[in-house]
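Those letters in the sequence shown? Residues 11 to 554, by this note's numbering.
Backbone N, C-alpha and C define an ideal beta-carbon position, used for all residues, glycine too.
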Amino acid sequence: MSTLTHSPAWNALHDHRTILSGHHLRDLFEQDEDRFDKFSLLFNDILIDYSKQPINSESMTLLMTLARQQGLEEWIRKMFRGERVNNTENRAALHVALRGEGPFHLDGVDITPSVKRVLMQMDSYTQAIRSGELKGYSGSRFTDVVNIGIGGSDLGPSMVIDALKPYTSSHIVTHFVSNIDGTNLIETLKSLNPETTLFIISSKTFTTQETMTNARSAREWFIAHGGREKDIAKHFIAVSSNREEVEKFGIDPSNMFEFWDWVGGRYSLWSAIGLPIAIAIGMENFYQLLDGASRMDHHFKSTPLEKNLPVILALIGIWQINFCGATTHAVLPYDQSLHRLPAYLQQIEMESNGKTADRDGRSVDYSTGVVLWGEPGTNGQHAFYQLLHQGNQIISSDFLAPCQSQNPIGNHHTLLMANFFAQTESLMKGRTESEVRDELVSQGMSSDALEKLLPHKIFSGNRASNSILFKRLDPQTLGSLLAMYEHKVFVQSVIWNVNPFDQWGVELGKKLAGSILSELKGDSHVTRYDSSSNGLINHFKKNC
Ligand code: G6Q
């Protein structure tokens, strides 16, 4: 048994769960009129309501005790102090330095000036592109930006640009190519003119197979469609921490935007990886995004655990995953602009905390991380909500919505929000047998038919959710929300004693494909793998 699952705070939570599990959420609300006031928090324009969770005041006290037992307050200080909290890679995780006033120290040196220098470089480049001062090889202004990157070098920027569409320039369209599947690149290039297209090759390492393959093919396309070698400098720029590889690729280092090994890929949208965001929404709005995140950083660092948004969300998640038996977590934005948020958070949560070894290399005997998924409401309601309401698995969820729409039209937003409130309410309350019986009787249903239909119309309810309401989806609010989720994941990693900043699973994937690649090239019959892999590879070779 691990130290964690053996600890007093963990055991107290287990015992408490046994007692509390006998209480339906409906009862908890009936017993306490002030439940919303007790279990909700306001941070600037963001309201978090966690009162529809199976908790009472004692649950929160016990969860806070667990957090303190695991040394959370000191871990937060360590991260902000630039200590090497990414122990398996011997690195700091200082993404907060990308958006804060500073100073932020790494090995005794303030890194804020380097951050500011790159921000200034982004600022002048962004202005030059948006104003048309920088032009393509034929003298026309840029109309399209193609970001070539994958994982952390893709998900954040593409999600943010979709989320902030009303803030984007109407002169420039941003495209994202991430998949090594040629379809992604080819379909993107089909509508583009090389004379007016700017390629941003975004890769921290500048060695990632997918990105480098797409980048080379994009360069070939550029040359094949009228561009000359000497025009590449104008049309290809790089965001990377690997100057040597950038030069090898043929990009002028003066067209390289630097970031550093203390910025994890999935925490990098605040760095030069955010360049496509800055070009799309303008630098002023990009600064607003950073400012929103910085405000959340300040809140996270300086607010007592009991009133600390990321801490509360994280502990509610721990409660759900480790004590209530939730195996998956749905992120359900009632905002079409946030349609890529679940995919983005999937990486933040699953890549960060999906680990089996703790910080000291011991196997854990408790769940870490959670399967995260989701789709915007109301679409999901007509697809998978059935299982949320009447399935027999425990699924926790975050419902997110803006009070004001980015695109008001008629009564759309009111209807959307009516659905938002109705869903969390009915998941919590359910429908009892007597409520269903009364309804069917009032419809005049015969007793035989009624008894047959009755069990199908009962909803057990008692299904937990968090509601996250914000005034409007603007750059600052989005920045705060994303930083909130980043810190939530960090808090959970502290409770589980895992390193949230490495990703050895990703590194393995990068290596494995390389070894099979050589087998796919020749004509020889493959025999060196298991019979399944041999059979599949040989079938592919016959049919490709
Ligand atoms: C993120 C991961 C991973 C990474 C990609 C791209 O935290 O490390 O998703 O971002 O594998 O890596 P490069 O930016 O080095 O191409």
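- In the structure shown, the three-state DSSP call for Trp-270 is coil.
- Across the structure, Glu-111 and Leu-52 are spaced so that their CA atoms are roughly 24 Å apart.
- The secondary-structure analysis by DSSP pairs Asn-157 across a beta bridge with Phe-186 and Ile-210.
- For Asn-476, the enclosing beta strand (DSSP E) stretches over residues 476 to 480.
- The C-beta separation of Val-156 from Thr-198 comes to about 6 Å, placing the pair in contact by the 8 Å criterion.
- The three-state secondary structure of Trp-231, taken from DSSP, is helix.
- Spanning the alpha carbons of Gly-327 and Ala-353 requires a straight line of approximately 18 Å.
- Nearest to Phe-333 by alpha-carbon distance, out of His-24, His-16 and Met-130, is His-24.
- DSSP places Ser-347 within a helical segment (H, G or I) once states are collapsed to three.
- Around the Cβ of Asn-224, a 10 Å sphere holds 16 or more other Cβ atoms; the residue is buried.
- The nearest non-hydrogen atom of ligand 1 is less than 7 Å from the C-beta of Ser-213.
- The beta-bridge partner set that DSSP reports for Arg-305 is empty.
- Scanning Asn-54, Asp-55, Ser-61 and Ala-77 for the CA closest to the CA of Leu-14 turns up Ala-77.
- Residue state for Asp-241 is assigned as helix, using DSSP reduced to three classes.
- Along the segment 418 to 505, the alpha helix (DSSP H) occurs as fully enclosed runs of 4 or more residues at 422 to 439, 443 to 452 and 457 to 467, listed in sequence order.
- Taken in chain order, the complete alpha helix (DSSP H) segments of 4 or more residues contained in the segment 13 to 70 are 13 to 16, 18 to 30, 35 to 41 and 45 to 48.
- When Cβ pairs closer than 8 Å are counted between the two stretches, the segment 69 to 89 is seen to touch the segment 489 to 506, the count reaching three or more.
- For Asn-402, the secondary structure class from DSSP, reduced to helix, strand or coil, is coil.
- With a cutoff of 7 Å, Ile-287 does not count as near ligand 1, since its C-beta is closer than that to no heavy atom of the ligand.
- When distances are taken from the beta-carbon of Gln-513 to the heavy atoms of ligand 1, the shortest one is below 7 Å.
- With 16 or more other CB atoms across the displayed protein chains lying within 10 angstroms of its CB, Leu-351 is buried.
- Inclusion of Glu-361 in the 7 Å shell around ligand 1 follows from its C-beta lying nearer than that to a non-hydrogen atom of the ligand.
- Relative to ligand 1, the beta carbon of Ile-160 is positioned inside 7 Å of a heavy atom.
- Lys-145 has Arg-151 as its beta-bridge partners, per DSSP.
- Taking C-beta atoms under 8 Å as the contact rule, Thr-434 and Ile-56 fail to qualify, at a distance of about 17 Å.
- Taking 8 Å as the cut-off, the beta carbon of Val-273 is found no closer than this to the beta carbon of Thr-338.
- Nearest to Ser-251 by alpha-carbon distance, out of Gly-236, Lys-244 and Phe-269, is Phe-269.
- Between the alpha carbons of Ser-124 and Ser-201 lies a distance of about 38 Å.
- DSSP places Val-249 inside the beta strand (DSSP E), whose first and last residues are 246 to 250.
- Comparing alpha carbon positions, the residue from Ser-373, Lys-521, Glu-316 and Asn-472 closest to Met-70 is Glu-316.
- The Cβ atoms of Asp-512 and Glu-68 lie no closer than 8 Å to each other.
- The three-state reading of DSSP puts Thr-178 in coil, since its state is none of H, G, I, E or B.
- Distances from the CB of Thr-218 to the heavy atoms of ligand 1 include at least one below 7 Å.
- Residue burial annotation: Asp-59 is buried, with at least 16 other C-beta atoms found within 10 angstroms of its C-beta.
- Taking all protein chains shown into account, Lys-521 has fewer than 16 neighbouring C-beta atoms within 10 Å of its C-beta and is therefore exposed.
- Only residues of its own chain outside the window of five on either side were considered, and among them Val-187 have a CB closer than 6 Å to the CB of Asn-194, listed in chain order.
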